[in-house]
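Here the sequence shown is numbered in my numbering, starting from 21 and rising by one per residue.
Here a beta-carbon is modelled for each residue, glycine too, at the ideal position from N, C-alpha and C.
Comments concern the structure below.
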Amino acid sequence: MQTVQTINELKHIISLNKEKTIGFVPTMGYLHEGHLALLNKARVDNDLVVASIFVNPAQFGPNEDLDRYPRDIEKDTQLATDAGVDVLFIPSATEMYPFESGITITVGDLSTKLCGESRPGHFDGVLKVITKLFHLVQPTKAYFGQKDAQQLAIIETFVEAYNFPVQIVRVPTVREADGLAKSSRNVFLSEQERVEAMHLYKALQLATETWEKTSDLAAAIAKGKEHIDSNTSGKIDYLEALSYPALQPVTNETKEVLFATAVFFEKARLIDNILT
Ligand code: AMP
Numbered sequence: 021m022q023t024v025q026t027i028n029e030l031k032h033i034i035s036l037n038k039e040k041t042i043g044f045v046p047t048m049g050y051l052h053e054g055h056l057a058l059l060n061k062a063r064v065d066n067d068l069v070v071a072s073i074f075v076n077p078a079q080f081g082p083n084e085d086l087d088r089y090p091r092d093i094e095k096d097t098q099l100a101t102d103a104g105v106d107v108l109f110i111p112s113a114t115e116m117y118p119f120e121s122g123i124t125i126t127v128g129d130l131s132t133k134l135c136g137e138s139r140p141g142h143f144d145g146v147l148k149v150i151t152k153l154f155h156l157v158q159p160t161k162a163y164f165g166q167k168d169a170q171q172l173a174i175i176e177t178f179v180e181a182y183n184f185p186v187q188i189v190r191v192p193t194v195r196e197a198d199g200l201a202k203s204s205r206n207v208f209l210s211e212q213e214r215v216e217a218m219h220l221y222k223a224l225q226l227a228t229e230t231w232e233k234t235s236d237l238a239a240a241i242a243k244g245k246e247h248i249d250s251n252t253s254g255k256i257d258y259l260e261a262l263s264y265p266a267l268q269p270v271t272n273e274t275k276e277v278l279f280a281t282a283v284f285f286e287k288a289r290l291i292d293n294i295l296t
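Take a look at the structure:
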């Protein structure tokens, strides 16, 4: 595996692999089995696998956890090597953003719901880095986890609307044995919170089941929220159901429904969802 830190080195490697299919997995590092599922899929599908580790300042708000986001480059390098990654791109913030262009990408309606509502500017920052990374890596396919369902919906829509020559591949959420979605931020949970955190998924399951049985969306959402409130010390940011990927109110015509939640614990805000 080649580890590169500069855009020039990355461009050079990509230029030498023009004939190959390239699978790309962008991450913020502190790799876990969720990331590995993306890397494994990319490995099976492509000639060359490129992964990136970049804790992107542009997608963090002023009071969020940019400075304390967990990092372990040594372990990540080992895991990426074991997963068969060919090129690991680990740029610095100044390498990625050497000057202020004054030009921004703004996500519209899709960022007014769910995480977009409580993290203003977050998805603009995601598209900023993804645009740059796609231009640099020129992937045939790029892999994203369903765990971040709103991010996936926005990236799928962006790529389609702006004709990026890349195929977006959805990878199902990888979970701990008790159902908690794997996340780099799970390390911030106290022992007690870690036990409680499985109830996010449980609440989403209850909500989904209730909706499927009764077609009563309000009752389904209430049931899910009630489950989180009575089984965790966390504070619900949202628990909602929307059409997917348009993120509009659910109607009889809705094909895919997203049940999604975000919950604040003491030192971590966790998200999870079920697509049904
Ligand atoms: P992150 O490092 O959190 O930015 O995540 C990088 C990629 O891994 C994103 O496409 C995430 O959706 C995906 N990912 C994170 N956690 C999981 C998980 N538990 N299962 C599947 N994919 C995940």
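Near the ligand AMP: residue i beta-carbon under 8 Å from a heavy atom
{"i": "Lys-167", "result": "yes"}
{"i": "Phe-164", "result": "yes"}
{"i": "Arg-195", "result": "yes"}
{"i": "Met-48", "result": "yes"}
{"i": "Gly-54", "result": "yes"}
{"i": "Pro-192", "result": "yes"}
{"i": "Lys-148", "result": "no"}
{"i": "Lys-202", "result": "yes"}
{"i": "Gln-187", "result": "no"}
{"i": "Ala-57", "result": "yes"}
{"i": "Leu-290", "result": "no"}
{"i": "Val-45", "result": "yes"}
{"i": "Gln-171", "result": "yes"}
Residue i: first and last residue of the uninterrupted beta strand (DSSP E) it sits in
{"i": "Ile-291", "result": "289 to 295"}
{"i": "Leu-36", "result": "Premise fails: Leu-36 is in no beta strand (DSSP E) and is neither H nor E."}
{"i": "Gln-22", "result": "22 to 24"}
{"i": "Arg-214", "result": "Careful: Arg-214 lies outside any beta strand (DSSP E), inside the alpha helix (DSSP H) at 211 to 234."}
{"i": "Ala-57", "result": "Ala-57 -> not in any beta strand (DSSP E); alpha helix (DSSP H) instead, spanning 53 to 65."}
{"i": "Ser-72", "result": "68 to 73"}
{"i": "Lys-161", "result": "161 to 165"}
{"i": "Phe-109", "result": "107 to 109"}
{"i": "Ile-310", "result": "Lying outside 21 to 296, the shown extent of the chain, residue 310 is not represented and no answer is given."}
Residues bridged to residue i (per DSSP)
{"i": "Leu-130", "result": "The partner list for Leu-130 (beta bridge, DSSP) is empty, contrary to what the question assumes."}
{"i": "Tyr-264", "result": "Glu-276"}
{"i": "Val-45", "result": "Ala-71"}
{"i": "Lys-255", "result": "Phe-284"}
Alpha carbon of residue i to alpha carbon of residue j, nearest angstrom
{"i": "Glu-246", "j": "Ile-27", "result": "49 Å"}
{"i": "Ala-227", "j": "Ala-266", "result": "20 Å"}
{"i": "Asp-85", "j": "Val-179", "result": "28 Å"}
{"i": "His-52", "j": "Ile-150", "result": "21 Å"}
{"i": "Tyr-258", "j": "Gly-54", "result": "23 Å"}
{"i": "Met-48", "j": "Ile-73", "result": "5 Å"}
{"i": "Arg-214", "j": "Ala-280", "result": "19 Å"}
{"i": "Gly-100", "j": "Asp-106", "result": "Note that residue 100 is Ala in the sequence shown, not Gly. About 9 Å."}
{"i": "Ala-181", "j": "Lys-275", "result": "21 Å"}
{"i": "Leu-68", "j": "Glu-176", "result": "22 Å"}
{"i": "Lys-167", "j": "Ser-203", "result": "9 Å"}
{"i": "Phe-284", "j": "Arg-205", "result": "12 Å"}
{"i": "Ala-217", "j": "Glu-120", "result": "39 Å"}
{"i": "Thr-271", "j": "Pro-118", "result": "46 Å"}
{"i": "Tyr-221", "j": "Ala-201", "result": "8 Å"}
{"i": "Thr-160", "j": "Asn-66", "result": "8 Å"}
{"i": "Gly-136", "j": "Asp-144", "result": "9 Å"}
{"i": "Phe-154", "j": "Pro-269", "result": "31 Å"}
First and last residue of the uninterrupted alpha helix (DSSP H) at residue i
{"i": "Lys-148", "result": "142 to 157"}
{"i": "Phe-80", "result": "Segment: none, Phe-80 is in no alpha helix (DSSP H) and carries neither H nor E."}
{"i": "Phe-119", "result": "From DSSP, Phe-119 is part of no alpha helix (DSSP H); its letter is neither H nor E."}
{"i": "Asn-251", "result": "237 to 251"}
{"i": "Leu-172", "result": "169 to 181"}
{"i": "Glu-99", "result": "The sequence shown places Leu at residue 99, not Glu. Looking at the DSSP string, the run of the alpha helix (DSSP H) that includes Leu-99 is 93 to 102."}
Whole-angstrom C-beta distance between residue j and residue i, which should lie under 8 Å
{"i": "Lys-31", "j": "Leu-156", "result": "6 Å"}
{"i": "Thr-230", "j": "Ala-240", "result": "4 Å"}
{"i": "Tyr-163", "j": "Val-24", "result": "Contact doesn't hold; Cβ gap of about 19 Å is too wide."}
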